[in-house]
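All remarks here apply to the structure that follows.
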Amino acid sequence: MSPTTRTLAATAAVGGLLALTACTAGATADSASGEAHDASVTIGLTGEPVNFDLTTTAGSAIPQVLMNNVYEGLVALDQDGELQPKLAESWTVSDDGTTYDFVLEEGVTFANGEEFTADDVKFSLERIATDWAINQPKMALLDHVEVVSPTEARVVLQKPSNIWLYDMAGTVGLMFDPSGIGDLANTPVGTGPYTVTERVTGDHISLAAREDYWGEAPAITDVDLRYFADVVASTNALRAGDVDMLYNMQAPDLIPQFEADDELQVIQGSSNGEILLSLNNEVAPFDDVRVRQAIAYALDRQAIMDAAWAGYGESIGAMVPPTDPYYEDLNDLYPYDPEKAEELLAEAGVEGLSITFDVPTRPYATAVSEVVVSQLAEVGITATIASDEFPAVWLDKVFTKHDYQMSVILAVEARDLLATFNNPDYYIGYDNSEIAPIVAAADAGSEEEWVEGMKEVAEITATDVASLPLFLFPNIVVADAQLGGIAGNAVTESLVLSGLHWN
Amino acid sequence: MAIRLLKLLGSFIATVLVSTVVVFLLLRVLPGDPATVALGIEATTEQLAAWREQYGMNTPLVVQYFEWLGGLLRGDFGVSYVTGQNISPVITDRLQVTLILVGLAMVIAIAVAVPLGTIAAIRHQRPSGAIISGVSQFGVAVPSFLVGMLLIVFFAIELDWLPSGGWVPPSEPAEFLQHVTLPVIALGTVQASILTRYVRSAVLEIQREDFLRTARSKGLTANVALVRHGLRNAGIPVLTVVGLQMAGLLVGAVVVERVFTIPGLGSYLVDSVGNRDLLAVQAVVVVLVIAIVLINFLVDLAFTLLDPRLRRAA
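And the structure:
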């Protein structure tokens with residue numbers, strides 16, 4: 001490495017994040033893949049789990065580590081978002097759609113040595129209504145579970161549902177053992193390929209492969225998950241070779257530099273996270289559909305994505321990512337048209353509009369908000385930014401008390417179209433009596449009817465601009481070029497480790 | 001001396017008590033609802049209520065305060081309702097990390113600043129003194145996190161000599177030293193620069209004192225006079241600054257902890273405030289108050305050792 005590049009690197013650090021992109025390729029990682037690899041991987045993450053109890057603690061940090069790695073469900077989603085068998089080797093659904101017969105894998109044991117049987121299916125699913133503090137609605141239509149034999153479990157629902165089995169691939173479908181739930185916050189016990197061996201808060205979590213795992217043994221036996229509060233610190237660790245992979249990297253400005261480096265690979269995976277411009281339908285001026293539509297015309301969403309997230313991400317026209325079965329391209333519903341926006345504002349009688357824009361303290365939100373404010377100014381809307389500490393203040397003020405006009409948030413939940421718009425009490429306050437009957441019919445109908453119904457809901461809410469999805473957040477993974485089997489698509493909250501291997 | 005110690009103890013207890021009331025009340029008026037932060041956006045009203053009930057948040061504030069204070073008196077900080085862990089061992093771990101970091105940084109700062117500051121003062125009219133003075137002035141202006149980032153770029157990324165961050169406890173000495181070197185240098189150099197300024201001005205001040213002129217007139221050379229009679233006197237203002245620096249670093253080290261991802265006390269405080277882990281925040285603040293009062297006490301004690309007049313006054 002020449003002194004010039006070194007000086008360049010130093011200058012870059014002085015200039016901070018933006019200037020780092022100016023760094024030449026030669027100044028980046030020189031040791032990330034220099035040595036031979038053993039069966040271990042170190043992964044850099046942001047957002048550390050506060051504990052290990054995903055039955056009482058919200059957020060994606062815990063399932064990111066535990067789901068599919070430590071805990072497993074009867075079914076799981078593959079990288080294309082398709083349902084696949086896991087602990088259930090097969091299943092059949094009754095004609096009326098209320099009874100699911102699962103045939104379970106044999107020879108499965110929990111990490112504490114207990115055998116996995118149909119009794120555990122009954123225990124795990126029926127426990128949700130009584131013991132879980134979150135996500136209970138997802139299992140609300142469960143009637144009961146019958147233990148037909150040790151390897152056969154029959155799940156009976158109160159009514160047919162097209163969403164239930166999909167939800168079973170999430171946290172509510174994970175299998176627990178009655179003797180393994182004594183200390184969920186600190187000692188998770190599941191059937192998965194890994195167990196947690198060490199946790200140092202503020203630093204790392206270590207996982208080790210189980211020798212008695214029922215399925216295919218993972219190639220990587222030791223995984224260290226290191227947590228970074230600072231995104232630059234995490235990229236430094238990658239460049240220094242201290243971590244092998246950064247998952248869900250939050251500094252898109254740095255990507256060109258990583259892409260130019262032969263020893264690193266950059267994967268832009270999909271996610272379920274929509275950057276949503278939340279409009280409070282309950283209060284002026286957004287109780288007027290024309291003002292909401294004016295906002296949609298006033299904003300150049302492609303330009304927002306380019307400026308705020310370096311062009312990484314995907315354009316979406318509704319609250320539905322392309323990986324969902326009921327996706328439809330609605331991007332052209334509201335093309336960028338500032339003149340039309342001004343006309344609509346005049347029609348609504350709100351020229352010279354001033355609004356408050358509640359922005360949570362998150363990198364994506366800050367980046368997006370500045371572009372939004374300047375674009376709104378061009379159609380005569382003055383948006384004043386109010387910064388809300390995230391999560392505490394934002395959740396309290398915007399989400400719980402609905403004390404806001406406009407906000408922006410990364411809605412990470414999978415298939416959240418209905419949660420967001422089919423509930424007038426939700427913070428969006430979108431109240432459209434048209435939707436509920438469509439939803440009810442769709443969920444009880446055949447799969448085709450469900451897809452059609454959901455498409456209809458997506459189109460209605462997008463036309464009404466119930467709120468405005470700006471773009472789909474990318475799941476950016478930067479890793480050592482020799483690391484294979486990276487699950488780049490964030491189809492669930494989980495970071496699936498079992499496929500990783502060194503090439 | 002006994003009376004003085006009793007007085008100190010009394011003011012110590014009063015300070016801690018007042019601080020417990022202040023931090024308890026401040027956290028209760030902080031915007032943000034711990035239950036919502038813990039249970040997230042999908043929680044129902046009933047679940048939120050049940051959570052508050054479970055962690056005793058529905059009882060009157062006075063009752064909550066005295067329950068907490070009772071625990072404190074037994075040396076028990078309680079169980080965090082965010083992490084489900086006992087807070088006391090976490091605090092012990094985090095405090096140990098920060099004390100090592102801050103302690104080593106201050107050792108470096110003092111080791112560098114005392115000789116350099118003294119030289120800068122003695123040679124203040126010569127180029128060498130001016131250079132030291134200028135460099136230290138520059139060092140004061142550079143924030144420690146920036147020094148940290150530069151160190152990472154050079155020693156971790158370019159040269160690959162040392163890890164870019166993380167923490168290993170001293171029980172593994174080799175690994176520990178590798179991990180602790182860069183953050184300690186980052187913290188230490190900036191503190192050394194600040195301290196150098198104070199040492200320099202303290203020594204300059206002392207040189208103008210009558211007693212030094214007297215010492216010189218007895219036939220001592222300037223340097224010997226300074227070492228025998230001057231430095232001890234210059235030590236008093238310098239010690240005050242060292243005490244302030246240490247107290248400030250206990251939390252102030254957080255910026256360097258972030259750059260090097262070190263699980264110290266400051267990081268714990270920042271994370272706990274973010275998670276609205278009120279019991280943890282309260283615990284950290286109480287520990288900090290005690291630590292700062294202790295530092296002040298030690299500085300006081302050191303004054304007494306340096307200055308015989310204070311001993312007689314006591």
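Protein sequence lines correspond, in order, to chains U and L. For what it's worth, the UniProt record's numbering labels the leading residue of the first sequence as 1, then goes sequentially. For what it's worth, the UniProt record's numbering labels the leading residue of the second sequence as 1, then goes sequentially. C-beta: ideal position from N, C-alpha, C; glycine also.
Please report the straight-line C-alpha distance between A307 (chain U) and D480 (chain U), rounded to a whole angstrom.
Approximately 27 Å, taken between the alpha carbons.
Under 8 Å between C-beta atoms, does N423 (chain U) make it to chain L?
It does not: the Cβ of N423 (chain U) has no partner Cβ on chain L nearer than 8 Å.
Nearest chain U C-beta to N275 (chain L) closer than 8 Å, yes or no?
Answer yes: the Cβ-Cβ gap between N275 (chain L) and chain U drops below 8 Å somewhere.
Of the residues that make up the region 376 to 410 of chain U, which ones have a beta carbon closer than 8 Å to any beta carbon in chain L?
Per Cβ criterion, the list reads E389, P391, A392, V393, L395, D396, K397, F399 and T400.
Identify, in the order they occur along the chain, each residue of the same chain with its Cβ nearer than 6 Å to the Cβ of D242 (chain U), setting aside the five sequence neighbours on each side.
Answer for D242 (chain U): no residue qualifies.
With a threshold of 8 Å between beta-carbons, can I87 (chain L) be considered close to chain U, or not?
No, I87 (chain L) does not count as interfacial toward chain U.
Measuring only between beta-carbons, confirm whether P183 (chain L) sits less than 8 Å from chain U.
Not closer than 8 Å to any Cβ of chain U, the Cβ of P183 (chain L) fails to qualify, so no.
Roughly how many angstroms lie between the CA atoms of I13 (chain L) and V22 (chain L), to the nearest whole one?
Going from the Cα of I13 (chain L) to the Cα of V22 (chain L) covers about 14 Å.
Using only the alpha-carbon positions, how far apart do I134 (chain U) and V41 (chain U) sit?
So the alpha carbons of these two residues sit roughly 32 Å apart.
Rounded C-beta distance between residue 516 (chain U) and P160 (chain U)? I'm assuming under 8 Å.
Because chain U is modelled from 1 through 503, residue 516 (chain U) falls outside the range shown and cannot be assessed.
What are the residues in the region 126 to 148 of chain U lying within 8 Å of chain L by C-beta distance?
Per Cβ criterion, the list reads A133, I134, N135, Q136 and P137.
Going by alpha carbons, who is nearest to D76 (chain L) out of L:S164, L:S171, L:L279 and L:R126?
Measuring from the Cα of D76 (chain L), the nearest candidate turns out to be L:L279.
W68 (chain L) touches chain U at which residues, Cβ-Cβ below 8 Å?
None at all; the shortest Cβ gap to chain U is about 20 Å.
Name the two residues that bound the continuous alpha helix (DSSP H) containing A185 (chain U).
Segment: none, A185 (chain U) is in no alpha helix (DSSP H) and carries neither H nor E.
To the nearest whole angstrom, what separates the beta carbons of I194 (chain L) and V140 (chain L), a pair I think is in contact under 8 Å?
Between V140 (chain L) and I194 (chain L) the Cβ distance is about 5 Å, and since that is below 8 Å, they are a contact.
Chain U beta carbons: is any one of them nearer than 8 Å to that of T304 (chain L)?
No, its Cβ sits nowhere closer than 8 Å to a Cβ of chain U.
Would you call the CB atoms of I316 (chain U) and E274 (chain U) closer than 8 Å?
For I316 (chain U) and E274 (chain U), yes; Cβs fall inside 8 Å.
Since V259 (chain L) meets chain U, which of its residues come closer than 9 Å, beta carbon to beta carbon?
Neighbours of V259 (chain L) on chain U, chain order: D230, V232, A233 and N236.
Closer than 7 Å by beta-carbon distance: list the chain U residues that pair up with T36 (chain L), in chain order.
Ordered by position in chain U, the residues that pass the 7 Å Cβ test against T36 (chain L) are L395, D396 and T400.
At a CB-CB cut-off below 8 Å, which residues of chain L make contact with N186 (chain U)?
Those are G84 and Q85, listed as they occur along chain L.
On the CB-based measure, 16 or more other CB atoms within 10 Å of its CB, does H204 (chain U) come out buried or exposed?
It counts as buried.
Between E413 (chain U) and the rest of its own chain, which residues show a CB-CB distance below 6 Å, the 5 nearest in sequence each way excluded?
For E413 (chain U), where only same-chain residues beyond five positions count, there are no Cβ hits under 6 Å.
Locate the beta strand (DSSP E) running through N154 (chain U), then write down its first and last residues.
First, the amino acid is wrong: residue 154 (chain U) is Arg here, not Asn. Its beta strand (DSSP E) spans residues E152 to L157.
Taking L125 (chain U) as part of the alpha helix (DSSP H), name the residues at either end of that continuous run.
Segment A118 to D131, the alpha helix (DSSP H) holding L125 (chain U).
Sorted by chain position, which residues of the same chain lie with C-beta nearer than 8 Å to P285 (chain U)'s C-beta, five sequence neighbours on each side aside?
V291, A348, V350, L353, I355 and Q405, listed in sequence order.
So which residues on chain L does G170 (chain U) lean against when the C-beta distance must stay under 8 Å?
Simply none; closest approach about 12 Å.
Could you spell out where the alpha helix (DSSP H) holding V114 (chain L) opens and where it closes?
Here the alpha helix (DSSP H) through V114 (chain L) covers I87 to I122.
What's the gap between the Cα of V107 (chain L) and the Cα of A260 (chain U)?
V107 (chain L) and A260 (chain U): Cα-Cα distance of roughly 43 Å.
For the candidate residues U:A294, U:Y327 and U:M305, whose alpha-carbon lies nearest to that of E343 (chain U)?
Among U:A294, U:Y327 and U:M305, the Cα nearest to that of E343 (chain U) belongs to U:A294.
T21 (chain U) to F145 (chain L), Cα distance in whole Å?
At T21 (chain U), the pLDDT of 33 sits below 50, so the modelled position is not reliable and the matter cannot be decided from this model.
Could you pull out every residue in the same chain whose Cβ sits closer than 8 Å to the Cβ of L472 (chain U), ignoring the five residues on either side in sequence?
Closer than 8 Å at the Cβ level, and outside the excluded window around L472 (chain U), lie S270, S271, G273, E274, I275, G313, E314, S315, I316, P321 and P322.
Judging by CA-CA distance, which residue of U:G202, U:G215 and U:A392 is the nearest neighbour of Y227 (chain U)?
Closest by alpha carbon: U:G202.
Using a Cβ-Cβ cut-off of less than 7 Å, give me the residues of the region 186 to 204 of chain U that come near chain L, in sequence order.
Going along the region 186 to 204 of chain U in chain order, one finds N186, V200, T201, G202 and D203 with a Cβ nearer than 7 Å to chain L.
Closest Cβ-Cβ distance between N68 (chain U) and chain B: below 8 Å?
Reference to chain B is not applicable here, since the protein chains of this structure are U and L.
Helix, strand or coil, according to DSSP, for T21 (chain U) in the structure here?
Caution is warranted here: a pLDDT of 33 is assigned to T21 (chain U), below 50, making its placement in the model unreliable, and the coordinate value is therefore given only provisionally. In the structure shown, T21 (chain U) sits in coil (DSSP, three-state: anything other than H, G, I, E or B).
Since V50 (chain U) meets chain L, which of its residues come closer than 7 Å, beta carbon to beta carbon?
Those within 7 Å of V50 (chain U) in chain L are V82, T83 and N275.
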